[in-house]
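Protein chains in written order, with UniProt numbering: chain A, 1 to 435; chain B, 1 to 435; chain C, 1 to 435; chain D, 1 to 435.
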């Protein structure tokens, strides 16, 4: 997963992008990068505040930025990437995947093209370059229309900043007015935190061009067919973000409520697995009347510390600690948003048992993840998805819970519908992939 | 405030201290330091994972460590500090203050002594050196008994590790068995996270000596007179820590409950100011039946980023964001543990109002802070304590709340008594200081 | 100017390249880079020992490396550069320039190609990629034969290491046997220092392929037409390097001797401008019988210190100091290899005068530099070449010498002929450029 | 060995000290440190330009600095060191040793004093602190008069900068006028390079105080008894430095001449071992008429590279390369200033032989080093001094030369006398130590 940002006509573009990426940091902590006017760049592995330091400040009023959680591509290939073309220099950062990337790379290379990286981003630049137009804007539109992709993208050119979403609108993208210019960001919360006005969700299948002395121009390059990633709502986005005008925290609460309605599972306390399970646990608590409690404490200072014991158990124990005083002697229902490989949940259940609970139940406010994501979420290969290999009984046994419940696929879909979210992608839950 | 750690006879002392300090990181993020056998040290400004990196690993099985939130002393004076004396080399890290430090420094300097730092720690070393004993252990006991202090301390000598608390036991200190040796830490959670056994709270007025081939020896050097810092329970410690066998989260909940009992203030939702107000808010919610809600989101990736706008308002807005979908149109009761200077709460109230609430109330689950702390918490000088300069009405006006309520001093004391916590220090609330 | 290195089948390729580049460091101090098997790279600005540190070690037995003194291209574009092509991954480092680079870039871009950098190196990769051959070796040969260039080059492919010189052989390149494999380097001294055997100068117009289980294969791709850069002898190479089997120091001495023969200029002492003028001064001293003296001391610890006063005068004074005890009251003849912009010599003359000399003469053991170098030496644009804008009298006045003498173009050519050096390029002296 | 610097009332003290230390860098490359007004410091291992970077700039107009070549003390104890005393803060940097340091440390510790470091410098601070005077200047004078030492020292106090030399004047120290203030430095060349005026050599047994609004005050604290380290002339100082008004390069040349006069050893060429043997070789060449030649090339880019092969032979070969074209077939006389352990010379002789010389002779323009230096030069323990364990015949055999000649002790002394250098220390040559 990734977070992207773009600015046009703002003071100290570098600092503004820094602040936007800081608010998008939850979307990727592996690397950060910025390109500012003149296509000067600062990039590095690690968190925004370690990479985009004030010592590396680049002056300028336009630019794009990127934070990344490794998916495909090697770690040292840090976006944005920049190239020189006949149509001017261009720099691109994207969030998502090109579905037929291998084919397209091959096609380009067969025509003699070379690739500096293994990133899908570079394919977009090649298409921009080979587009049968002299005009860079038309070339970009052509490139976007030719690529079967699931992405949001920001593009910096000498003459414009462009922000686009694929026709399915799988990944989010927003822009807002800031000072005399504009900011683009993956989530609206980043725009609100900076005090933007007129915050707008970019429509699937459109590209917005920001140029000097003109309002943003919206150009449709593909028919809209909404299949927004529902996992953004469930797990990825910040609770104070909104997609389709619907608040993420509220959707998670609704999923938690639905989970209660489907199973009516009783317990003494509802304990969220921090931080991802909090909203769902609140919904479950409100629907069921079972008090929510603080039974697991997360250490927010643990980042990418390499000294720490490498076995997963020790890592989990240093990140999450059980609050024995709260758990002891209780029937405890742990709520989390999802289970991918299952190893972390198994360790949490173990830790909670050691705290002396009477029973431990696990409630997941989404359906079992049975398929990989082809659109930019690193949910590992299918063989590692525990729910794709095991039935519920075996899963329950593996994680060690006295009971394990999931939300049904139907229930899940209903919640989104009732919340008013337009078409969503549920591929990882129902194997029904849009492209 | 500070966190301290010590280890004796463990594999890879450096790494173990690293892990202990990581769990104590909430006690200080300004600097970190470690001294390992042979008195080699690694020190630096910043977080544990940035300072105590694996590249700087020092082999050894014994050592002490320190994390610091600036109080007195300049930032580059990072503990532990080490000195050569006639009685051997000695390294010291402490948490707290020497009350008559200025007098004692002057006395030492008048005798011709010199100080390499401005740290109170160095006074302890001087007293160790001038103690009328040839034996280092007796010298340390003598030094501890002569110093009017409010501190916990770890001392590394060629022949022992010592861990001591002053007679009032103002700052916490624990030890536990680990492998064939021992670990000492400011909070018991750090020992539990590492899997220690036989975790023991060090008694006020005693020093524990860890030496080879012997169980820990406990020596009393002063009469016990418990005045444990109640602010450790209210704000400083992790919720999953315990002092006097009493859980911090449970005390905070009890304070929240008491706050409701004293004021019966009603609202549509109770919203904790994250992360410090969560436990109290939960107590308030449970006592009142008003649902707890997630109305403020904290960005945990914001550390000590220096690029960020320097005005306090922008910093608060990047750290905490209002969740409009939750707050809009509601009567909201914000719960926090305390108000020191008042500026942050004023900005939070402003932000909550902008989210479109009907009313905003503020509940503080401790009494007004009217005096500074002389024992190691950096609660600023009296003139900056907003509650020491203003009555409740003016305070309420300043923070901009429709109503502001505090817990009474009596109510506060009762909660601790009912929880079974022995004598506490409430100096910052009632100006009744122990020393 | 640049230095290049390549290794094939050696233990710890990274370390061997490090050591080769260290001996080639005089060819470029601005940046250093290495690519090792699997196309992992380490690159950075600064000296070899600061960039290619042991912490960044990459395992492997094959690789190429580069040190650079900025010519064209921005500083952050550090060689070697790597690309993915249909014919495999390829990494290239070169020393020199492509003469018609702008045309060739344009041609590639008009065919839809994109460039990740502004380096000429990337053009070679594009030609490799578009070559009408499936075979990577044939493709490289085709690319080399198509490019009008003045360069030496090393190329790493999954299946071979290649080392080539253009048809004029403007830049040097050597290889030698090392352990079970081979090392390639810009100067033979780097191979001798490492203990290589069978050191061979690569012939202009040929490429040498190093592959597994075979001796090096030499392939001619262009007709040889020797125009070796005479400035390599005069200034750039180490004195203990040899080209065409002729020692650099001996050529410089011969130039110094010739300078005496042409002018018979007398003085009390001959003082070399360190380090570049030493060999020439020795030749002058030997031919004239005037004693050589140590009248200017160079501080070798001054590298790229940015604190130092930015005006040129202060920089020169910190780098070179006059030895008053030697200079005072003497007629002094300063010997240097060349004058480019003239500013440094002016400051040196000033400094020498302040030391109380009776007379100061300047002897340059090469002709006036009247044209820029188009083949990789950064001798600035023509307008900055002081000798291209002024006659000898004005030059003498500008540098402030009592007399200024140059070697004649004819005398210069004769020295090379008599030393047995095959065809040389003297473009910067006689504007007669080979391509 | 070390280099020290001090400044009083200059603009940008940090930068000026940086520049002075850069010129003194040959006196120590292991660490560098600076303390500027307010006693803020920057310290680190490595070269001046890596440690005292512009990012670490500290504003101020007064300060002291230090560069160090390890002698006693661990590497992380980097000077200057600072302490708080009753008489104010004080910071000290010194070059040399306290002869009875162990006794004095013990005495201080027996009185209850503690030491933060193992440096002799701290003893001086203790004596300053215990001095029976309230006045800091009188206290410093008392401390200097009580300490049997061989040192030069700079001291920064809130109210003055002091610069002193012990009664023997073993280590050099100078000051000069700069802008409205003063600079102190170990060698006069550093003052000349910066453009100082009225450069003055501090008299042995005196301390110079620099204070505001007054000319420097010179106070004698001990009787002068000149025993200046003759090794400063032979090896340590820069050739363009002067002591007692006598130029270092000229003394070295005189030593080279004397070496010829004593032995009349003939050869085809005289080859200096760079850089230390150059001046002596020039003297030998001038006296003998044998031409000086450039037969060994030094790579100045090799600093403290840790990747390089750790065996001494490889290191020497990468630092020094034989110039075969010059050496082949010749009778070669290598000239160096001294032989300490003998291992490097052995490797050089080997290398020169491999270049195909007819004969290789070695001439050393100082007597055999038979005793260690107790005054700050790190000439290793006596057992490692090859000349203290072997007669000349065995030495010659060990280094592998066809002939090895040294200057006689008498001849050595005569040269200094005839040059007009006052009393010198020759302890390492004749075991006649001054203290």
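Built from N, CA and C at the ideal position, the CB exists for glycine as well.
Excluding residues up to 5 positions away in sequence, 124, 127, 128, 131 lie with their Cβ nearer than 7 Å to the Cβ of residue 143 (chain A) in the same chain. For the stretch 101-120 of chain D, the set of residues with a beta-carbon nearer than 9 Å to any beta-carbon of chain B comprises 105, 106, 108, 109, 110, 111, 112, 113, 114, 115, 116, 117, 118, in chain order.
Around the beta carbon of residue 266 (chain C), fewer than 16 other beta carbons sit within 10 angstroms, so the residue counts as exposed. Those residues of the stretch 310-324 of chain B placed with their C-beta closer than 9 Å to a C-beta in chain A are 314, 317, 318, 321, 322, 323, 324, ordered along the chain.
Here residue 225 (chain D) is not near residue 174 (chain D), since their CB atoms are 8 Å or more apart. Take the alpha-carbon of residue 29 (chain C) and the one of residue 17 (chain C): they are about 15 Å apart. Contact between the stretch 340-360 of chain B and the stretch 193-212 of chain B is absent: fewer than three C-beta pairs spanning the two stretches fall below 8 Å. Residue pairing by DSSP places residue 82 (chain C) opposite C:91 in a beta bridge. Between the alpha carbons of residue 31 (chain D) and residue 271 (chain C) lies a distance of about 34 Å. Residue-level contact by beta carbon holds for residue 279 (chain C) and chain D, with a gap shorter than 8 Å. Of the candidates C:46, C:235, C:38, the residue whose Cα lies closest to the Cα of residue 22 (chain C) is C:46.
Listed along chain D are 109, 112, 113, 114, each with a C-beta nearer than 9 Å to that of residue 129 (chain B).
One thing to note: residue 228 (chain B) has its Cβ within 8 Å of the Cβ of residue 425 (chain B).
Here residue 186 (chain B) is buried: its Cβ has 16 or more other Cβ atoms, across all protein chains shown, within 10 Å. Residue contact check for residue 326 (chain C) against chain D: a CB pair falls below 8 Å. Chain C places a beta carbon closer than 8 Å to that of residue 25 (chain D), counting this residue as a contact.
Under the 10 Å beta carbon count, residue 78 (chain B) is surrounded by 16 or more other beta carbons and is classified as buried. Under the Cβ criterion of 8 Å, residue 52 (chain A) is not counted among the residues facing chain C. When the five nearest sequence neighbours on each side are left out, the beta carbons in the same chain lying within less than 8 Å of the beta carbon of residue 299 (chain B) are those of 318, 319, 320, 321, in order along the chain. Within the stretch 190-201 of chain B, the residues whose Cβ lies closer than 9 Å to any Cβ of chain A are, in chain order, 192, 193, 194, 195.
Neighbours of residue 86 (chain C) across chain A, judged by C-beta separation under 7 Å: 109, 110. Collapsing the DSSP output to three states places residue 136 (chain A) in a helix. Just so you know, the alpha carbons of residue 12 (chain C) and residue 312 (chain D) end up roughly 19 Å apart. By the rule that beta-carbons nearer than 8 Å mark a contact, residue 11 (chain D) does not touch chain C.
At a cut-off of 8 Å between beta carbons, residue 94 (chain C) makes no contact with chain A. The bridge partners DSSP lists for residue 175 (chain C) are C:184, C:200. Within its own chain, the residues whose Cβ lies closer than 6 Å to the Cβ of residue 415 (chain D), once the five positions on either side in sequence are excluded, are 254, 255, 258, listed in chain order. A direct Cα-to-Cα measurement between residue 100 (chain B) and residue 149 (chain B) gives close to 8 Å. For residue 77 (chain A), there is no enclosing alpha helix (DSSP H), as DSSP marks it with neither H nor E. Excluding residues up to 5 positions away in sequence, 152, 186, 187, 232, 243 lie with their Cβ nearer than 7 Å to the Cβ of residue 172 (chain C) in the same chain.
Residue 149 (chain A): not part of any alpha helix (DSSP H); member of the beta strand (DSSP E) spanning 149-157, first to last residue.
Interface residue (Cβ-Cβ distance to chain C less than 8 Å): residue 125 (chain A) is classified as such.
Residue pairing from DSSP places residue 68 (chain A) in a beta bridge opposite A:2, A:31. Residue 296 (chain B): member of the beta strand (DSSP E) spanning 296-298, first to last residue.
Around residue 83 (chain D), the beta-carbon contacts reaching into chain B at under 8 Å are 114, 115, 116. Secondary structure of residue 114 (chain C) (DSSP, three-state): coil.
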